[in-house]
Every structure is written in C-alpha cells, then in structure tokens.
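S.K.:
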Amino acid sequence: MSKQAVTPNQEYAGRVYELTAPYQVGREKVADFARAISSSNPANFSVEVARGLGYPDVVAPTTFAVVIAQAAESQYITDPDAGIDFSRVVHADERFTYRRPIFAGDELVTELHVDKVQVRSALSMVTTRAEISALLADGSLEPVVTVISTLAIRGGE
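Numbering follows UniProt numbering, with no gaps: position 67 of the sequence shown is 67.
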C-alpha cells in the first residue's frame, strides 16, 4: 500500500512564526562553513585579517545565512498541519539581501514568514522569508539579512 501524498496547506500563506532562539555565530562555525564551500577569503578564517579590513571579527561567507534561515524554516516544515512532506522538498531558489555582513560573535534571531503557498497536482511551490536580526546588548534588534527561499514540493505519484 502506498502512502498518500500530503499537499501544502494554503492557509499557511501569510503566517508568521515567533522569533527563533538566538543562534550564536562562532569563529569555528564560520570557518567550518567556509571550508565546506571552499572559500579562499582569509577574512573567513583570520580575526587579524578581518579586523585589518575594518570588521569586528571574522566575516561569514554570504551563503552562511542559509544555516540560520533553514533552522527557522524547520518551524514551518515540521508543523504537522502545514502539509509538508520533507522527503519531497527541494530548494528551487534562495536569495539574500544583506544590510550588513554576519560576524563571529553575532547573536542572531529569525522571524520566519510564509509568504506564498501555490498548490498544484504535480509540483507545489512555497516561498518563505527569514528576517534575520542581531540581538543587541540592550535587547533591541538590528536587521542583518533577509533570506527568501522557494521550496518545490513534488506531488503524489
């Protein structure tokens, strides 16, 4: 007996999830990610180089924000009423709009928005927007980057 495919719940379009728990950006996390993508930028690895360029600490590669965005997306994907079968999901598109770079030492929180849910029989498309901000010492938030992800979800067979 085959498992019946689940389709994304269109009522989730417009939903906003609560801020995530803070994500502490560490030097080793930045370096590990930079190695994984074969970055040759010394500012991803060396505090001295980064500070020499005017940054407070090592700089995360541009695509590092996907780590934080996908953690926030898990709130939506794992919500049983959202109707997402993760085994049928592929990333169709990812866009980053930076206000400033991500640095080691940043404490980042994310507010996830489900902007669009298009359901079709063979392929559904979901667009999420992760608004990633730095949590400042006074408790305020400094916007850092917006990550817009489009997920393609295969329909039933």
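Beta carbons: idealized from backbone N, C-alpha and C, even for Gly.
Just to confirm the assignment, what range does the alpha helix (DSSP H) spanning GLU94 have?
M.R.: Where GLU94 is concerned, there is no enclosing alpha helix (DSSP H), although the beta strand (DSSP E) it sits in stretches over 89-98.
S.K.: As a quick exercise: from GLU142, LEU123, TYR12 and ALA31, pick the residue whose alpha carbon is nearest that of PHE64.
M.R.: Selected option, being the one with the closest Cα: ALA31.
S.K.: Is the segment 123-131 close to the segment 47-60, with three or more CB pairs under 8 Å?
M.R.: At 8 Å Cβ cutoff, the stretches do not touch.
S.K.: Would GLY26 and ALA104 be called neighbours here (beta carbons separated by less than 8 Å)?
M.R.: It is a contact, given that the beta carbons lie within the stated cut-off.
S.K.: Do three or more CB pairs link the segment 6-25 to the segment 106-126 at distances below 8 Å?
M.R.: Yes, the segment 6-25 touches the segment 106-126.
S.K.: TYR50 to THR150, Cα distance in whole Å?
M.R.: Sequence inspection shows Ala at residue 50; the Tyr mentioned does not correspond to that position. Approximately 32 Å between the Cα atoms of the pair.
S.K.: Check for me: the alpha helix (DSSP H) holding VAL49 runs from which residue to which?
M.R.: Run containing VAL49: 47-52, per the alpha helix (DSSP H) assignment.
S.K.: Got a sec, what are the start and stop residues for the beta strand (DSSP E) ALA130 sits in?
M.R.: Per DSSP, ALA130 belongs to the beta strand (DSSP E) from 123-135.
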